[in-house]
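In short: position in the sequence shown from 1, add 84, done, that's the numbering used here.
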Amino acid sequence: MGGRIGMGIMGGPGRPGDASMNEEAAKDATSVTDRNPDRGDGGRDAGREAGRDAEDVRRGREEGLAALRILEATRLADVGAARGAAVADEAATRRRDRGPEPVPDWRPAPSPVPSTGPSIPEQPPATVRMPDVTPGAPTERFSTLDVLMESLETTRRGLELQGIAVTRNLRETETHLSQLRQVLPEALQTQSNLRELASAFEAMRIQQLGALNNAIGEVQSSLAVWRTNADSALTAFESSSRSLVSSQDSILTSIRTEAERELGRLERSVGTHLARMEGAQQELTAWQQGVQAALQSTMIDAHQRLEEAAVGNLRSLGNSLAQISDKLGSVDRERQVVGEQIDTLTQKLDAQNAMVRIWEHRITTVETQSLPSGTFDGRVQTMENEVGRVSDYLLALDRHLNVVDARLDELMASHQQMQRDLRVVAWLMLGAMLVVVAVVLFVLLRA
Numbered sequence: 085m086g087g088r089i090g091m092g093i094m095g096g097p098g099r100p101g102d103a104s105m106n107e108e109a110a111k112d113a114t115s116v117t118d119r120n121p122d123r124g125d126g127g128r129d130a131g132r133e134a135g136r137d138a139e140d141v142r143r144g145r146e147e148g149l150a151a152l153r154i155l156e157a158t159r160l161a162d163v164g165a166a167r168g169a170a171v172a173d174e175a176a177t178r179r180r181d182r183g184p185e186p187v188p189d190w191r192p193a194p195s196p197v198p199s200t201g202p203s204i205p206e207q208p209p210a211t212v213r214m215p216d217v218t219p220g221a222p223t224e225r226f227s228t229l230d231v232l233m234e235s236l237e238t239t240r241r242g243l244e245l246q247g248i249a250v251t252r253n254l255r256e257t258e259t260h261l262s263q264l265r266q267v268l269p270e271a272l273q274t275q276s277n278l279r280e281l282a283s284a285f286e287a288m289r290i291q292q293l294g295a296l297n298n299a300i301g302e303v304q305s306s307l308a309v310w311r312t313n314a315d316s317a318l319t320a321f322e323s324s325s326r327s328l329v330s331s332q333d334s335i336l337t338s339i340r341t342e343a344e345r346e347l348g349r350l351e352r353s354v355g356t357h358l359a360r361m362e363g364a365q366q367e368l369t370a371w372q373q374g375v376q377a378a379l380q381s382t383m384i385d386a387h388q389r390l391e392e393a394a395v396g397n398l399r400s401l402g403n404s405l406a407q408i409s410d411k412l413g414s415v416d417r418e419r420q421v422v423g424e425q426i427d428t429l430t431q432k433l434d435a436q437n438a439m440v441r442i443w444e445h446r447i448t449t450v451e452t453q454s455l456p457s458g459t460f461d462g463r464v465q466t467m468e469n470e471v472g473r474v475s476d477y478l479l480a481l482d483r484h485l486n487v488v489d490a491r492l493d494e495l496m497a498s499h500q501q502m503q504r505d506l507r508v509v510a511w512l513m514l515g516a517m518l519v520v521v522a523v524v525l526f527v528l529l530r531a
């Protein structure tokens with residue numbers, strides 16, 4: 085009975101509901117293909133997958149219903165057998181306790197139908213043929229038939245109740261399946277939309293990956309060009325720094341040798357002047373000794389000779405000072421030229437450092453926007469090491485320039501000290517000449 089009800093409700097394996105679901109799935113697949121004519125095989129694949137999904141749903145529903153029918157039949161059989169056995173045991177016990185029972189009425193009572201379930205057409209009462217009862221026959225056979233009829237009636241009622249419950253469950257299942265049938269086109273549409281989105285995202289990913297690869301190639305080419313330019317700039321800087329250091333060393337060597345030469349010459353000239361002054365003093369002493377014997381003309385000649393000698397000495401001393409000033413001016417000019425070269429080199433290095441910062445910022449921007457972290461870390465670290473090496477070289481060059489400035493300051497200090505000494509010597513010589521002139525005038529006036 086349960087199988088008949090289930091087959092009547094579900095329509096069997098080839099019911100119109102399954103055909104309608106297949107037609108709806110095919111229509112959905114066709115609509116997906118029609119809405120996307122450019123997709124070609126993708127739309128046909130989506131239609132085939134939608135049809136396969138609908139077929140899987142139908143097959144799963146049929147298998148579930150078949151399993152449900154089998155379980156219900158098994159359960160009803162078990163319940164009927166258990167109830168029959170219980171009734172038989174109870175009848176046997178009652179028969180043993182009460183003795184023989186009267187013959188019951190063989191007409192079955194009408195089966196109660198619950199008000200909650202659907203209406204089931206009532207079956208006509210079963211016509212049971214009354215057996216012939218011979219007077220005086222044993223009543224044990226009638227008791228056994230009574231027990232069997234009661235068990236069959238109980239089994240029938242249980243089966244009817246279970247059929248009603250199964251019918252209700254199957255109707256609920258049909259309702260759920262109709263709801264699923266209504267939702268299935270939307271699910272298929274959603275699935276096709278998701279596949280379209282997946283294909284669009286895949287195309288976008290491929291496009292972005294190509295753009296990213298192009299950007300990476302441009303950045304790598306730019307980095308290679310920048311690396312080449314940086315290497316050439318570093319090579320030029322090293323060569324210029326070597327030439328600058330060699331020129332500075334040669335300039336300092338020439339300045340040192342020239343200063344030593346000038347100092348030696350000045351010392352010799354000062355010694356010569358001192359020797360001349362000593363000779364002049366000796367001549368003055370001799371002239372003072374012979375001044376009493378000499379006359380006015382002799383004194384005038386001696387005075388003229390002294391003046392000429394003093395003027396010559398002052399002129400030679402002025403020429404020496406002028407030469408030293410020229411040398412110091414040339415040294416200052418060379419120092420200014422070296423300072424200008426250092427400033428130019430510093431400006432170039434500042435420009436290179438600014439370019440390095442700009443490229444570091446660009447590389448950092450590219451890494452943070454489109455690349456995973458750590459892609460250019462090795463190259464950036466290498467460039468940072470090279471920049472650090474250049475900075476160390478610049479610091480060493482700066483220290484060397486500081487040493488050169490200190491040496492120039494020492495030379496300037498020694499030159500200023502020499503100028504002060506020469507001024508003192510000149511003032512002393514002028515004072516000595518004034519003393520000599522005063523002595524001569526005093527002697528002349530006394531004479």
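Beta carbons: idealized from backbone N, C-alpha and C, even for Gly.
Please read these numbers as outputs of a predicted model, since none were measured by experiment.
- Residue state for Ala531 is assigned as coil, using DSSP reduced to three classes.
- Between Ile300 and Glu418, the beta carbon gap of about 51 Å keeps them out of contact (Cβ cut-off 8 Å).
- Apart from the 5 residues on each side of it in sequence, Leu433 sits with its Cβ closer than 8 Å to the Cβ of Phe321, Val474, Leu478 in its chain, given in chain order.
- In this structure, the straight-line span from the alpha carbon of Thr312 to that of Ser306 is close to 10 Å.
- The alpha-carbon of Arg136 is positioned some 52 Å away from that of Leu232.
- Inclusion of Arg167 and Thr251 in the CB contact set at 8 Å is not warranted, their separation being larger than that value.
- The beta carbon of Ile426 lies closer than 7 Å to those of Leu485 in the same chain, with the five residues before and after it left out.
- Rounded to the nearest whole angstrom, the CA to CA distance from Arg145 to Val267 is 16 Å.
- In this structure, Ala176 lies away from Ser235, with their beta-carbon atoms at least 8 Å apart.
- Selection Asp482, Gly472, Glu362 evaluated against Met513 yields Glu362 as nearest (Cα-Cα).
- Runs of the alpha helix (DSSP H) spanning 4 or more residues and lying entirely within the stretch 235 to 259 do not occur at all.
- In this structure Val421 is exposed. Its beta-carbon is surrounded by fewer than 16 other beta-carbon atoms within 10 angstroms.
- Pairing Val329 with Thr337, the inter-Cα distance amounts to about 12 Å.
- With respect to the 8 Å criterion, Leu160 and Leu243 are classified as neighbours on the basis of their beta carbons.
- In the assembly as shown, Ser276 is a buried residue. Its beta-carbon has 16 or more other beta-carbons within 10 Å.
- Ranking Met517, Thr428, Thr228 by CA distance to the CA of Glu392 puts Met517 first.
- The criterion of a C-beta distance shorter than 8 Å is not satisfied by Ser324 and Leu481.
- The beta carbon of Trp310 lies closer than 7 Å to those of Trp443 in the same chain, with the five residues before and after it left out.
- Within its own chain, no residue has a Cβ closer than 7 Å to the Cβ of Thr259 once the five positions on either side in sequence are excluded.
- With respect to the 8 Å criterion, Ala317 and Gln500 are not classified as neighbours on the basis of their beta carbons.
- Each residue's CA atom was taken as its position, placing Arg507 and Asp333 some 32 Å apart.
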